[in-house]
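When the letters of the sequence shown are read in order and numbered with our numbering, they come out as residues 4 to 228.
Down below is the structure, laid out as structure tokens.
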Amino acid sequence: MPRHKELLASYPRRESFLAHFRREGTTGVLFVETARPLKLSEPVTVLVDFPGQERSFRLQGRVVSRRRASRQPPLPPGVEVVLAPDQAPTLQLVLDHVAGKQVRFVPRRSGRVQTTCEISYRSDDAFVQEFSEDISEGGTFVRTERLLPIGTALECRLKPPGYLLGIKVSARVTWHREQGQPRGMGLQFVFSSASQRRKLERLVKRLRQRQGDTLNRTMKRLRNR
């Protein structure tokens, strides 16, 4: 499964974000200065950084155009990234921040962690292996073309990166994403005991901590380029 390449878009003055962004559809298109050789339609994650306010956001999308550097007029190289439809809530937070509104960052108990976990389960007497896009204490989103009926009960095994065995958990299909990319279905975890719930919560907590450490390293690396 391809991983999103990460790009840094830094705005010391937050209003300068608007000079690189235009509304289009439900989200919009963001121009990111970069000399990296990216392909058209390549998925990317843009780290939108406001160092003056110590705020950063992650927006996902795909490259839709590329621009070479030029001398006359003097223009830097870069790419235009069309933001995915499901990025609309995060984009609105960015726009509110740019407008000077008080954006509250409230840590949610079931906040989703963006991570690719291997997930396996039985469907129609066949053993299926898929990959999740994110996970929280309450559920996960599975990238798949096999959309099971809403309400379907599953016995799953989750295996995040770096975990040899993973954990078993029951789940129920609660929603579908049929339009846009990636296609897939949302699963809600169903716990048979308090100990099983705590085990899953500990797993998500470790993944969230790992994601935070990775983001800090990535921001430092991109800023030092």
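Just so it is clear, CB atoms sit at the ideal spot from N, CA and C, and this is done for glycine as well.
Note that this is a predicted model, so its numbers are computed, not measured.
For Ala12, no alpha helix (DSSP H) segment is defined; the enclosing uninterrupted segment is the beta strand (DSSP E) at 8 to 13. Inter-residue distance for Phe194 and Gln117 is about 22 Å (C-alpha atoms, whole angstroms). Within the model, the alpha-carbon separation for Ser123 versus Arg205 is close to 20 Å.
Each residue's CA atom was taken as its position, placing Leu167 and Val35 some 38 Å apart.
The bridge partners DSSP lists for His179 are Met188. Within a 10 Å sphere around the beta-carbon of Ser135 sit 16 or more other beta-carbons, which makes this residue buried. Of the candidates Gln90, Glu18, Arg25, Val84, Val84 places its Cα closest to the Cα of Ser44. Beta-bridge partners of Phe34 (DSSP): Glu83. Per the DSSP secondary-structure output, Thr48 pairs in a beta bridge with Glu9, Gln63. By the neighbour-count definition (other C-beta atoms within 10 Å, threshold 16), Gln191 is an exposed residue. In the structure shown, the three-state DSSP call for Leu98 is helix.
By the neighbour-count definition (other C-beta atoms within 10 Å, threshold 16), Ser139 is a buried residue. In this chain, the beta strand (DSSP E) harbouring Tyr124 covers 121 to 126. In this structure, the beta-carbon distance from Arg186 to Glu148 falls below 8 Å.
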